[in-house]
Each structure stands twice: as structure tokens, then as C-alpha cells.
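Asker: Residues in the sequence shown are numbered consecutively from 48, following my numbering.
Every residue gets a Cβ at the ideal spot worked out from N, C-alpha and C, and that includes glycine.
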Amino acid sequence: MDLFEAQMGTGSSTSQPLAERLRPKSLDEFSGQAPAIAALKAILAQPSRMPNLIFWGPPGCGKTTLANLVARASGFQLISLNAVAAGAKELREQGRLAHERKIQGFGHTIVFIDEIHRLNRSQQDVLLPFCEKGDFILIGATTENPSYELNSALLSRSKVIRLKSLVPESLSGILERGLKALELSREQAMSAEVQQALLISADGDGRRLLSMLENIDLIVRELGRPLELSDWPKVEDQVAPVRYDKNRDEHYDTISAFIKSVRGSDPDAAIYYLARMLAGGEDPVFLARRLVILASEDIGNADPRGLPLAVAGLQAVELVGMPEAAICLAQVTTFLSSAPKSNASYTAIKTAQALVEKTGTLPIPLALRSSQTQLSRQFGHGENYQYAHDGPTGWKKMTFLPQEIESLKFYEPVDRGFEKTIRQYLAWMKGEGKSD
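(1) Please work out which residues of its chain come closer than 8 Å, Cβ to Cβ, to R310, disregarding the five sequence neighbours upstream and downstream, and give them in chain order.
(2) Can you find the residues in the same chain that come closer than 8 Å, C-beta to C-beta, to A316, ignoring five residues on each side of it along the sequence?
(3) Suppose contacts are defined by Cβ-Cβ distances below 9 Å. Is E466 in contact with G347 by that definition?
(4) S482 by DSSP, collapsed to three states: which one?
(5) Across which residues does DSSP place F159 in a beta bridge pair?
(6) Determine the direct distance from the alpha carbon of L210 to that of D296, and round the result to whole angstroms.
(7) Could you give the residue range of the alpha helix (DSSP H) that holds I411?
(8) Could you check if L325 is buried or exposed, using at least 16 other CB atoms within 10 Å of its CB as the buried criterion?
(9) By the three-class DSSP mapping on this structure, what secondary structure does L334 have?
(10) Beta strand (DSSP E) containing S248: first to last residue?
(11) Cβ of F183 within 9 Å of Cβ of G142?
(12) How far does the alpha helix (DSSP H) with I306 in it extend, from its first residue to its last?
(13) So what does DSSP say about L210, is it helix, strand or coil?
(14) Mapping DSSP to helix, strand and coil, what is S495?
(15) Does the Cβ-Cβ distance between C108 and G251 come in under 9 Å?
(16) Nearest by alpha-carbon distance to Q243: which of K136, L265, L276 and L213 is it?
(17) Are the beta-carbon atoms belonging to N99 and R204 less than 9 Å from one another?
(18) Whole angstroms is fine: what's the gap from S78's alpha carbon to E459's?
(19) Can you say whether F426 is buried or exposed, counting buried as having 16 or more other CB atoms within 10 angstroms of its CB?
(20) If you draw a straight line from the alpha carbon of E430 to that of R424, how long is it in whole angstroms?
(21) If you count every other CB in all the chains shown that lies within 10 Å of the CB of A133, and 16 or more means buried, which is it?
(22) For T408, tell me which candidate among Y472, Y195 and E451 has the shortest Cα-Cα distance.
(23) Identify, in the order they occur along the chain, each residue of the same chain with its Cβ nearer than 6 Å to the Cβ of Q25, setting aside the five sequence neighbours on each side.
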């Protein structure tokens with residue numbers, strides 16, 4: 048550090064972002080992620096046999112920090128790359144250098160690739176020969192499901208370590224360390240209400256928490272007093288939007304939770320996930336279409352009002368748009384969540400489709416075939432057809448299915464909601480018909 052840097056403070060630890068200054072120096076200092084830490088300690092007991100590692104978890108959960116700690120604990124040289132900037136040429140070059148260090152006796156190399164899911168398939172293929180020959184140990188960090196984003200060949204050569212969002216207890220510990228580094232006590236910095244708002248806004252992201260804390264520190268020093276809840280708008284610019292990606296894990300996980308909550312008759316959970324998706328920028332038309340599907344798949348004839356209401360909801364969403372469309376979606380969501388459930392229609396069509404695929408076009412009974420032409424009548428089409436309305440209950444006994452499957456049943460109404468009435472009606476109708 049030269050004289051100018053010394054005068055300006057450049058290069059000192061205090062000039063670094065707080066999150067960088069507070070990175071743990073060992074696995075024992077790491078907050079949270081106990082299962083992952085235990086797995087890494089077991090691996091580091093024999094560092095020479097360390098596998099390739101993929102750290103999978105949300106932003107700010109410690110993926111990069113863990114890569115640095117693993118390299119430090121193992122004593123291996125660490126090369127850090129970001130998938131956004133690293134091309135195939137650089138990956139090959141780092142592989143070549145790692146190979147040379149290995150054969151020259153300079154030890155193992157860890158190549159850490161942040162956001163590894165951003166490498167395309169060809170770039171991922173470049174890594175394979177170096178991983179197979181042990182030229183370097185790959186550590187990748189990703190926020191996305193590796194099963195979707197990484198080549199199966201690369202994934203099969205790696206151990207995936209799942210990391211989760213930091214729980215409030217871990218965030219609270221990080222907050223305490225941050226306050227200490229800023230030479231502030233909690234009482235000097237913020238009220239209990241602000242602390243709670245801070246932990247919630249961090250959304251399990253330790254890096255976001257410390258970034259917001261730095262902003263709070265500046266405001267507190269400007270105000271000359273602890274931050275109160277009424278001051279919270281001053282730090283709102285540091286509050287990141289709801290973590291949601293419309294094409295990746297958060298999208299699939301949240302829509303899955305939404306559908307399962309509606310199916311499970313929990314309107315409160317369903318409304319929560321609906322609000323979360325809308326806050327994340329999800330397309331309301333997509334949500335309305337999913338509700339139309341669900342109305343048939345999971346409610347069906349247990350409440351026949353569900354499908355027309357869902358279709359009306361879709362039309363309303365397309366008509367009015369956001370933000371008012373959220374009200375329409377909420378009405379459909381709460382109705383379907385509270386409606387009796389039946390997947391009998393869904394099961395019926397899936398069973399029938401599977402049978403059609405297996406058996407092909409079985410002969411239709413002659414009595415059911417069209418008899419519009421003289422030639423078709425000569426071949427017996429329409430003979431012995433029983434006109435249903437001639438029966439006392441609007442039913443006449445006949446075989447409608449092809450002969451090979453005439454005893455099969457596809458639709459079995461459940462004994463709840465309107466399908467209970469359907470079941471009872473079918474039994475009454477056919478019971479009366481037997482005496483005809």
C-alpha cells in the first residue's frame with residue numbers, strides 16, 4: 048500500500064464491503080448449514096480423495112465462502128472463476144495449468160466456478176476430461192437445480208451439497224457480528240421492531256443482511272439516534288424484491304406448492320403462494336390457466352361450478368390485467384381450495400388413454416355404429432340399438448364398450464360433493480333399468 052492509499056484508507060479492511068470483511072475464516076466459524084459443514088469436514092479428513100463438489104443453494108447462503116474455506120482447509124491452490132465471464136478457452140487453459148502443477152509436484156488445484164449453471168453444455172464438456180484425470184478438483188456454485196442445469200456426465204462425477212436459506216437464528220448471529228464490526232450495539236443501532244423487519248427483509252440471505260446493515264449504519268450516524276420503525280422507508284431501497292425466477296427453481300417450486308395447497312384444501316397457503324408469485328412478477332394469465340386445469344383435475348364433478356368459475360377467472364384476468372387481476376385470481380383460488388375434491392375424471396381419462404395406447408382401435412359394437420347409409424345397414428350397423436329414452440329411468444341396458452373390454456370401468460365417482468349425487472343417480476337409474 049503506497050502513501051496515497053494509506054491516506055485515503057484504500058486497501059484497508061474497513062474499505063471492503065461488510066460482507067467481505069466478515070467472511071468466516073474456518074468451517075467452525077460458519078453460521079448455519081450444519082449438515083453441509085458436517086459433510087465437508089468428513090471430506091476434508093482425507094483431502095487427497097476430495098471429490099468434485101457442487102454447492103446448490105439460494106443467494107447469500109455461503110456457497111462462495113465454503114469454497115474458500117475448503118481450499119484453505121485442504122491446502123490446495125484455489126482458482127476462482129465466474130461462469131458469466133469464463134469461456135471454453137479459459138477453462139482449457141486453467142485445466143492445462145492445473146495439470147502442469149500436478150505433474151511438477153506442486154499439489155492439487157481447486158477450480159471454483161461461481162454460477163456454474165450459466166456455462167452452456169459445450170463449456171461444461173470442456174471440464175470433463177480434467178475432472179476425470181484428476182487434473183483439478185471442480186467446485187461449482189449454483190442457485191439452480193443441478194439436475195436441470197448440469198450435464199449428466201459432469202453431475203455423475205460430482206457430489207452435490209445442498210444449502211438452504213439461512214434461518215433467523217443464523218441471521219441473528221451474523222447481525223451481531225456485523226454490529227460488532229461497525230462498533231455498534233443493537234440498542235444503539237435499532238429498535239426491536241426494526242431488527243425484526245431487517246431479519247425478515249434479509250429473506251435468508253446473509254450478504255443482503257449485511258448490505259442493509261451498512262445502509263442502516265449510515266442512517267443511524269446521520270440521525271444520531273437508533274433507527275425506529277418509522278424510519279424504515281429510508282432503507283427500503285436496500286430491500287431486494289421477492290426471490291423468484293420465472294424460468295427456474297423458484298418458479299417450479301412455488302407453483303408446485305400453490306397447486307398442492309389448492310388440492311389440499313388449504314386456502315390460506317394457496318393465497319400466500321399466489322401472492323408470492325405475483326410479487327415475483329409471475330404472469331397472471333399463466334396462473335389463471337393452471338387454475339382452469341386444476342378445476343377439472345382436482346375438483347371435477349365434485350363441484351361442477353369450479354370449471355366455469357376458473358374459465359371466467361381466466362377471462363377476467365385477461366380483461367382487466369394487473370393489479371386488479373389479483374382479486375379475480377384470489378376468488379378462484381379460494382373457491383377451488385374450499386371446494387370438495389375429486390380426481391375421478393382425471394383418473395378416468397388417464398386410464399382410458401393408457402388402454403387406447405395399449406390396445407389400439409378395438410372394434411366398436413355394431414349397434415353403436417353409424418347406420419346413415421344403406422351399405423352400412425347391410426353390414427348390421429345400428430342393429431339392436433336400444434334407445435335410452437325408451438327406458439323408464441332414461442336408461443336401457445346395452446353394451447357400449449368394445450367386446451374385449453366391456454367389463455372395464457373408467458369413471459368411478461367419489462362419495463363426496465356433487466359426485467356423491469352422481470354416484471347415487473347412476474345406481475338408481477341402472478337399478479331401475481334392470482327390470483326393464
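Answerer: Once the coordinates are examined:
(1) L341, D345 and K388, listed in sequence order.
(2) A304 and S308
(3) Between E466 and G347, the CB-CB gap stays under 9 Å.
(4) Here the model assigns S482 a pLDDT of 40, short of 50, so the residue's position is not dependable, and the following value carries that caveat. Note: S482 maps to coil in three-state DSSP.
(5) S127 and I186
(6) In this structure, the alpha-carbon of D296 lies about 14 Å from that of L210.
(7) From DSSP, I411 is part of no alpha helix (DSSP H); its letter is neither H nor E.
(8) Taking every protein chain shown into account, the CB of L325 has 16 or more other CB atoms within 10 angstroms, so this residue is buried.
(9) helix
(10) Here S248 belongs to no beta strand (DSSP E); instead the alpha helix (DSSP H) covers A239 to A249.
(11) Cβ distance < 9 Å, so F183 and G142 count as in contact.
(12) For I306, the enclosing alpha helix (DSSP H) has its first and last residue at D296 to R310.
(13) coil
(14) Because the chain is modelled from 48 through 483, residue 495 falls outside the range shown and cannot be assessed.
(15) The beta carbons of C108 and G251 sit closer together than 9 Å.
(16) When only C-alpha atoms are compared, the closest one is L276.
(17) yes
(18) 53 Å
(19) The residue is exposed, with fewer than 16 neighbouring Cβ atoms inside 10 Å.
(20) 8 Å
(21) buried
(22) E451
(23) Since the displayed the chain opens at 48 and closes at 483, residue 25 lies outside it and no answer follows.
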